[in-house]
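>
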Amino acid sequence: MQPSPLRALRTRSPLVSTLALVASLLSCVLPGLATSVARAEPLRRTAVIVGANAAAPGRKPLRYSEQDARAFAAVLVELGGFLREDVHVLIDPEPARVLETLDQALAKPGAEQSLLVFYYSGHADAAALYPGGRPLPFSDLRGRLGDRRAAIKLGIIDACRGGGFTGAKGLTEVAPFEVTLPMALESEGSILIASSSGLEDAHESELLGGSFFTHHWNAGLRGAGDRNGDGLVTLAEAFDYAKALTIRDSARETPAAQHPSFSLDLRGRQDLALSRLAAADAIVAVAQHEGPLELIHLGTGVVLLELPKGPRQMRLAVAPGDYLLRRRGGGQVWTRELSVSAGSTTRVDEAALELHGTGALATKSAAPRPLTLTTLPRGAQEATFWLGVSYEDRVGVNTVGRGFTTGAIVPRGLTDRLQWILPTLAFAYRGGDHGGLEWIPSGGIMSWGMGASSLEGFLLDLDLGLGIQLRKWTSPRSALTFGWGAASEFRYHSTESTYTLETDLGPRTVSTSPKLSPPDTWRTTLSAGFAHTLADTVTLQLAVSFQYNVLQDGSLAPLAIESRRAQLALNVGSVQSIGLRPQHLVQVHLSDHVALNFDAALNYRLADRAVHESYLLGASFLW
6 MQPSPLRALR TRSPLVSTLA LVASLLSCVL PGLATSVARA EPLRRTAVIV GANAAAPGRK
66 PLRYSEQDAR AFAAVLVELG GFLREDVHVL IDPEPARVLE TLDQALAKPG AEQSLLVFYY
126 SGHADAAALY PGGRPLPFSD LRGRLGDRRA AIKLGIIDAC RGGGFTGAKG LTEVAPFEVT
186 LPMALESEGS ILIASSSGLE DAHESELLGG SFFTHHWNAG LRGAGDRNGD GLVTLAEAFD
246 YAKALTIRDS ARETPAAQHP SFSLDLRGRQ DLALSRLAAA DAIVAVAQHE GPLELIHLGT
306 GVVLLELPKG PRQMRLAVAP GDYLLRRRGG GQVWTRELSV SAGSTTRVDE AALELHGTGA
366 LATKSAAPRP LTLTTLPRGA QEATFWLGVS YEDRVGVNTV GRGFTTGAIV PRGLTDRLQW
426 ILPTLAFAYR GGDHGGLEWI PSGGIMSWGM GASSLEGFLL DLDLGLGIQL RKWTSPRSAL
486 TFGWGAASEF RYHSTESTYT LETDLGPRTV STSPKLSPPD TWRTTLSAGF AHTLADTVTL
546 QLAVSFQYNV LQDGSLAPLA IESRRAQLAL NVGSVQSIGL RPQHLVQVHL SDHVALNFDA
606 ALNYRLADRA VHESYLLGAS FLW
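Numbering of the sequence shown is given in this note's numbering, commencing with residue 6 and proceeding in unit increments.
(1) Between T542 and the rest of its own chain, which residues show a CB-CB distance below 8 Å, the 5 nearest in sequence each way excluded?
(2) Taking the C-alpha atoms as reference points, what is the distance between E90 and W222?
(3) Strictly by DSSP, which residues pair up with Y69?
(4) Quick check on DSSP: helix, strand or coil for Q592?
(5) For the beta strand (DSSP E) that contains R49, what are its first and last residues?
(6) Reducing DSSP to helix, strand and coil, say where W339 ends up.
(7) Please determine, among G449, T479, V353 and P481, the residue with the shortest C-alpha to C-alpha distance to D468.
(8) Could you tell me how far apart the beta carbons of G534 and T379 are, in whole angstroms, since I believe they sit closer than 8 Å?
(9) Which word fits L427, buried or exposed, when buried means at least 16 other C-beta atoms lie within 10 angstroms of its C-beta?
(10) Is the Cβ-Cβ distance between P325 and S346 less than 7 Å?
(11) Measure the C-alpha to C-alpha separation of A612 and L539 and round it to an integer number of angstroms.
(12) With DSSP collapsed to three states, give me the class of L204.
(13) Is V394 helix, strand or coil by DSSP?
(14) What separation, rounded to the nearest whole angstrom, lies between the Cα atoms of L309 and L330?
(15) Below 7 Å between beta carbons: does that hold for L408 and S447?
(16) Can you name, in chain order, every residue of its own chain whose Cβ lies under 6 Å from the Cβ of W444, other than the five neighbours on each side?
(17) Is the region 81-89 in contact with the region 150-162, if contact means three or more CB pairs nearer than 8 Å?
(18) Could you spell out where the alpha helix (DSSP H) holding A101 opens and where it closes?
(19) Could you spell out the range, first to last residue, of the alpha helix (DSSP H) harbouring H302?
(20) What three-state label does DSSP hand K248 in the structure shown?
(21) Among A548, F218 and A322, which has the Cα closest to the Cα of G348?
(22) When you compare only the Cα positions, how much space is there between I157 and L120?
(23) I want to see whether chain B comes within less than 7 Å of T544, judged by CB atoms only; does it?
(24) Should P136 and V103 be called a contact, given that it needs their Cβ atoms to be closer than 7 Å?
(25) Identify whether N223 lies in helix, strand or coil by the three-state DSSP scheme.
(26) Give me the Cβ distance between T251 and T377, rounded to the nearest whole Å; I'm assuming they're in contact under 8 Å.
(27) Given the structure, does H589 come close to the ligand MN, in the sense that its CB is under 6 Å from one of the ligand's heavy atoms?
(28) Roughly how far, in whole angstroms, is the beta-carbon of S493 from the beta-carbon of T529, given that I think they are within contact range, below 8 Å?
(29) Determine the burial state of W628: buried for a count of at least 16 other Cβ atoms within 10 Å of its Cβ, exposed for fewer.
(30) Check A541 in the structure and name its three-state DSSP category.
(31) Which residue or residues does DSSP assign as beta-bridge partners of L120?
(32) Short of 6 Å in beta carbon distance, which residues of its chain neighbour A433, apart from the five on each side in sequence? Order them along the chain.
(33) At the level of alpha carbons, what is the spacing between R50 and F244?
(34) Cα separation between I96 and H617?
(35) Buried or exposed for F123, please, with buried defined as at least 16 other CB atoms from any protein chain shown within 10 angstroms of its CB.
(36) Tell me whether V307 sits in a helix, a strand or coil according to DSSP, three-state version.
Given below as structure tokens:
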């Protein structure tokens with residue numbers, strides 16, 4: 006006997022069961038809804054919006070769920086007729102907090118004539134959502150989302166079963182298939198939107214700074230989905246827009262396309278308007294003759310929204326700021342910059358766009374390799390090991406030193422912006438955004454060491470450092486970096502003694518005492534570098550730096566080439582770090598999480614014309 010279609014789909018996909026459970030939660034409504042809807046009585050609008058980056062058990066954290074939640078909340082307040090106090094944004098909340106907030110929304114006076122929006126972005130499985138990384142069973146949600154005090158309930162779920170740093174919210178890649186019966190709703194007043202179907206992954210994008218679906222859903226509500234130009238964006242219009250672009254982008258960037266799902270039963274009305282463009286603080290009115298057009302926010306480089314190909318008059322609700330309107334086609338790019346002011350409408354005609362060159366650069370994949378990011382994603386760790394040789398020559402003198410060197414560094418992402426270098430007390434913070442201008446201050450105890458000496462007894466060395474780098478992305482895969490840093494050290498000696506030390510400046514008498522002496526020598530470094538990733542496989546990074554001992558033995562050193570105290574030096578090659586992570590001359594990406602590194606550096610001290618060279622081989626692992 007053949008199984009029913011519903012039974013077969015449930016067998017194939019835990020996520021389909023998830024959607025079935027949520028659909029059942031959203032299917033119970035107040036009797037008599039059709040009559041009230043037909044009278045078009047005003048709806049009190051309330052939203053409970055959950056963004057959960059935290060990892061579910063056995064999975065890795067997401068990067069943009071919290072940002073997705075805040076962006077959707079902003080659209081509802083700006084354009085959706087939602088009062089700010091009625092939009093509850095919960096970031097990685099306890100499951101009990103989600104249920105409590107839903108209870109409070111349902112208990113408000115007038116709830117019987119209300120629209121309740123529940124949005125969730127984060128991890129999920131067949132039985133539960135995972136706000137804050139802890140399970141919220143669908144059985145606990147059933148009573149709230151099926152409560153008869155809410156006239157219309159809209160559920161939006163941008164989630165699937167897993168997560169990782171590859172840009173996908175899911176762990177399994179399978180061929181998509183049609184989801185029909187589990188999505189069927191048997192009573193009016195319920196709407197369910199899911200960002201993916203079956204076992205498909207719901208994908209995140211570094212370039213968009215969010216998930217494909219939520220980004221395009223918000224763009225549709227801001228006017229890009231307004232097909233008939235009436236200034237109102239309905240659920241169906243927003244979904245159709247988001248679905249088309251989500252399928253396109255996921256098909257371009259991932260092995261399996263993502264197919265959003267939509268099911269609606271609103272007896273008494275054909276659709277529900279969710280945004281009103283007339284409420285916007287600023288409008289861009291576009292006369293499109295051919296298209297497609299893209300509106301890019303110049304502060305972040307993010308493509309805010311896109312207009313489908315074909316003639317149309319569109320009104321787009323945006324925040325005040327500077328934007329770029331762009332059209333690409335036939336290997337060429339046309340652009341026009343716009344300055345949008347609050348309380349105004351900025352009009353632009355596609356015919357006014359100017360030709361600015363080819364579109365070859367813009368069509369390349371913009372998702373960077375995780376190992377090339379300025380700071381690691383939250384919860385990620387990277388281990389870099391190296392082994393190499395070095396030697397030093399002086400002009401006119403035989404080789405004076407050879408040696409082997411080995412080492413390791415293990416940075417950890419405390420957040421997407423704050424990075425800790427283990428096992429030291431050194432930290433780096435990233436300001437700005439990938440794709441634009443980033444600034445990275447850093448500092449702390451860079452390294453430490455212990456030992457023993459017959460002259461000095463127990464020794465403790467602490468290397469100190471501080472600095473700042475500026476990183477300007479010239480394309481999705483190329484960046485210029487400029488840096489400044491200063492470094493010194495503390496040294497503790499457990500015995501008191503006096504001895505003579507031979508140095509480049511001649512014999513030097515050294516006295517030690519059992520105390521922690523403050524640093525009396527400070528080195529400063531200026532650096533500049535360029536990085537570029539070729540064919541998504543090899544990253545090349547070349548830098549130059551200038552080093553100068555500002556303070557030597559407690560005294561200011563003269564800035565002069567012949568000064569041995571100043572120790573002026575030029576460095577070329579692998580001589581720069583970003584966020585305290587070394588930048589490699591050549592990095593070969595075996596995957597998003599494993600790379601082979603080759604480093605070469607040349608140091609030339611001007612005073613004694615000494616040349617120091619080093620060559621290292623190593624590997625980096627990210628997890």
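Ideal Cβ positions, reconstructed from N, Cα and C, are used throughout, including at glycine. Since this is a predicted model, take the numbers as computed values, not measurements.
Straight from the coordinates:
(1) Around T542: V593 and H594.
(2) Their backbone Cα atoms lie some 23 Å apart in a straight line.
(3) Looking at the DSSP output, Y69 sits in no beta bridge, so it has no partner there.
(4) Strand, per DSSP.
(5) It spans R49 to G56 - the beta strand (DSSP E) in which R49 sits, taken as one unbroken run.
(6) The answer is strand: DSSP assigns W339 an E or B state.
(7) Among G449, T479, V353 and P481, the Cα nearest to that of D468 is on G449.
(8) Here G534 is actually not in contact with T379; their C-beta atoms are around 13 Å apart, not less than 8 Å.
(9) With fewer than 16 other Cβ atoms within 10 Å, it is exposed.
(10) Closer than 7 Å, so yes.
(11) For A612 and L539, the distance between alpha carbons rounds to 39 Å.
(12) Residue placement at L204 cannot be trusted, given a pLDDT of 42 that sits under 50; what the coordinates show is reported in the next sentence. Here L204 sits in coil by DSSP.
(13) Three-state result, V394: strand.
(14) Approximately 10 Å, taken between the alpha carbons.
(15) Here the sequence assigns Gly to residue 408, which means Leu is not the residue at that position. No, Cβ-Cβ distance for G408 and S447 is not below 7 Å.
(16) Excluding positions up to five away in sequence, the list reads G436, G437 and L475.
(17) With contact defined as three or more Cβ pairs closer than 8 Å, the region 81-89 and the region 150-162 are not in contact.
(18) Counting along the chain, the alpha helix (DSSP H) containing A101 begins and ends at P100 to L111.
(19) Where H302 is concerned, there is no enclosing alpha helix (DSSP H), although the beta strand (DSSP E) it sits in stretches over L298 to H302.
(20) Note: K248 maps to helix in three-state DSSP.
(21) Answer by Cα proximity: A322.
(22) Taking the straight line from one Cα to the other gives about 5 Å.
(23) In the structure shown, chain B does not exist; there is a single protein chain.
(24) The Cβ atoms of P136 and V103 sit closer than 7 Å to each other.
(25) The answer is helix: DSSP assigns N223 an H, G or I state.
(26) Their Cβ separation, rounded to whole angstroms, is 26 Å, which puts T251 and T377 out of contact at 8 Å.
(27) In the structure shown, the ligand MN is absent, as is every other ligand, since no ligand is present at all.
(28) Between T529 and S493 the Cβ distance is about 10 Å, and since that is not below 8 Å, they are no contact.
(29) Exposed.
(30) Note that residue 541 is Asp in the sequence shown here, rather than Ala. DSSP places D541 in coil when its eight states are reduced to three.
(31) Paired residues: R50 and I157.
(32) So the list reads Q424, I445, S447, G584 and L585, once near-sequence residues are dropped.
(33) Cα to Cα, R50 sits roughly 19 Å from F244.
(34) Going from the Cα of I96 to the Cα of H617 covers about 52 Å.
(35) With 16 or more other Cβ atoms inside 10 Å of its own Cβ, F123 counts as buried.
(36) Coil at V307, not helix or strand.
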